[in-house]
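Below: the structure, in structure tokens.
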Amino acid sequence: DTGVSQNPRHKITKRGQNVTFRCDPISEHNRLYWYRQTLGQGPEFLTYFQNEAQLEKSRLLSDRFSAERPKGSFSTLEIQRTEQGDSAMYLCASSLTQEGAYEQYFGPGTRLTVT
Amino acid sequence: QKEVEQDPGPLSVPEGAIVSLNCTYSNSAFQYFMWYRQYSRKGPELLMYTYSSGNKEDGRFTAQVDKSSKYISLFIRDSQPSDSATYLCAMSAHGNFNKFYFGSGTKLNVKP
Chain P
1 DTGVSQNPRH
11 KITKRGQNVT
21 FRCDPISEHN
31 RLYWYRQTLG
41 QGPEFLTYFQ
51 NEAQLEKSRL
61 LSDRFSAERP
71 KGSFSTLEIQ
81 RTEQGDSAMY
91 LCASSLTQEG
101 AYEQYFGPGT
111 RLTVT
Chain A
116 QKEVEQDPGP
126 LSVPEGAIVS
136 LNCTYSNSAF
146 QYFMWYRQYS
156 RKGPELLMYT
166 YSSGNKEDGR
176 FTAQVDKSSK
186 YISLFIRDSQ
196 PSDSATYLCA
206 MSAHGNFNKF
216 YFGSGTKLNV
226 KP
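Protein chains in written order, with my numbering: chain P, 1 to 115; chain A, 116 to 227.
Here it is as structure tokens:
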């Protein structure tokens, strides 16, 4: 499978615990994005990387959230001290840098439930 | 006011009908327009993308952009039960094509 992959697919955690999600983008894509989607809403932009550089962060990304892409390949999104409001689907997407090729391809998402 | 507005539906049509899905937006800087399909509990799947104004056709799907009205549409011809899903529009602005703004999605149900 050459698409975007995400792990785990589901995560249930207790409030206050830390969680980490992983995203593996399409291999030739150098841009990687994280989104959050809640029920009945479209995805909301959180942050994006070009190679290993984090170029933009949304104000939605509070201090409890941190994302990394250490070698410009896979990325991790960590949420510290989870809150019930963090329950959502976390989506990863990737794209090329190539001019005119801005479309983003999404992974299946990680569904987080905070109890 | 959200930057991208989309009627949540649900929209229920019989098999074979022509479906029209729409989004409006407020940011005149939006230049790049996408339509995604999302099945329940899955990630969004890219259907079509267009740059600036005009029409684009791909099989049973046609995307239209009217920048003067800040209005985009997706038409599905000969709709099938397998088209039942939530359809999301997304767009990005000149100068920052990487930051996508999504509508909330329209849920479509095609009845056999």
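Beta carbons are placed, not taken as given, at the ideal position from N, Cα and C, and that holds for glycine.
Excluding the 5 residues flanking residue i on each side, which residues of the same chain have their C-beta closer than 6 Å to its C-beta?
i      : result
R192/A : I133 and R175
Y257/A : The first residue shown for chain A is 116 and the last is 227, placing residue 257/A beyond what the model contains.
G72/P  : N51 and E52
K57/P  : T47
E68/P  : T76
P43/P  : Y35, Q37 and L91
Y186/A : T139
Under the DSSP definition of a beta bridge, which residues are partnered with residue i?
i      : result
Q6/P   : C23/P
R36/P  : E44/P and Y90/P
K222/A : T201/A
D181/A : Y186/A
T165/A : F148/A
P129/A : K226/A
R155/A : Per the sequence shown, residue 155/A should be read as Ser rather than Arg. Answer is none; S155/A lacks a bridge partner.
Could you tell me which chain A residues have their CB closer than 8 Å to the CB of residue i, listed as they occur along the chain?
i      : result
G40/P  : P123, S219 and G220
G107/P : G158
E28/P  : In chain order: nothing, as chain A lies at least about 16 Å away.
Out of the options, state which residue places its alpha-carbon closest to the alpha-carbon of residue i.
i      : options                           : result
N224/A : K117/A, D122/A, Q146/A and L126/A : L126/A
A178/A : K222/A, L189/A, G210/A and Q116/A : L189/A
N7/P   : T76/P, T82/P and Q54/P            : T76/P
L91/P  : R81/P, L46/P and Q80/P            : L46/P
T201/A : Y164/A, P159/A, H209/A and K171/A : P159/A
R152/A : K222/A, A144/A and C138/A         : K222/A
S27/P  : L55/P, L60/P, P43/P and Y105/P    : Y105/P
T110/P : D24/P, R15/P, G16/P and T2/P      : D24/P
N30/P  : R64/P, A93/P, G107/P and T113/P   : A93/P
F49/P  : L112/P, S62/P, Q41/P and W34/P    : W34/P
Q54/P  : N213/A, D122/A, G218/A and V119/A : N213/A
L162/A : H209/A, K171/A and G210/A         : K171/A
T115/P : G16/P, D63/P and V4/P             : G16/P
E78/P  : G107/P, R36/P, P43/P and G3/P     : R36/P
Y164/A : A144/A, G124/A, M206/A and Q195/A : M206/A
S66/P  : P108/P, F21/P and G85/P           : F21/P
CB-CB under 7 Å to residue i, same chain, minus the five flanking residues each way: which ones, in chain order?
i      : result
T38/P  : A88
Y102/P : S95
Just to make sure I have the definition right: I need the residues of chain A whose C-beta is within less than 9 Å of the C-beta of residue i. Which are they?
i     : result
L91/P : G158 and P159
R59/P : The contacting residues do not exist; R59/P stays about 12 Å from chain A at best.
Given that residue i touches chain A, what residues does it touch there, using C-beta distances under 7 Å?
i     : result
E56/P : K214
F45/P : K214 and F215
R31/P : N213
Since residue i meets chain P, which of its residues come closer than 8 Å, beta carbon to beta carbon?
i      : result
G147/A : The residue you asked about is not Gly; residue 147/A is Tyr in the sequence shown. Within chain P, the residues near Y147/A are Y102.
With a CB to CB cut of under 8 Å and the five nearest residues on each side skipped, what residues in its chain are close to residue i?
i      : result
N18/P  : E78, I79, Q80, R81 and T82
Q116/A : S141
Interface positions of the stretch 150-167 of chain A facing chain P (Cβ-Cβ less than 8 Å), listed along the chain: Those would be Y151, R156, K157, G158, P159, E160, L161, Y164 and Y166, in chain order.
Near-chain P residues of the stretch 185-212 of chain A - C-beta to any C-beta below 7 Å: So the close ones are L203, S207 and F212.
To be precise: take each residue of the stretch 65-77 of chain P, compare its Cβ to all Cβ atoms of chain A, and keep it if any distance is under 8 Å. Which residues remain? Those would be none; no residue qualifies.
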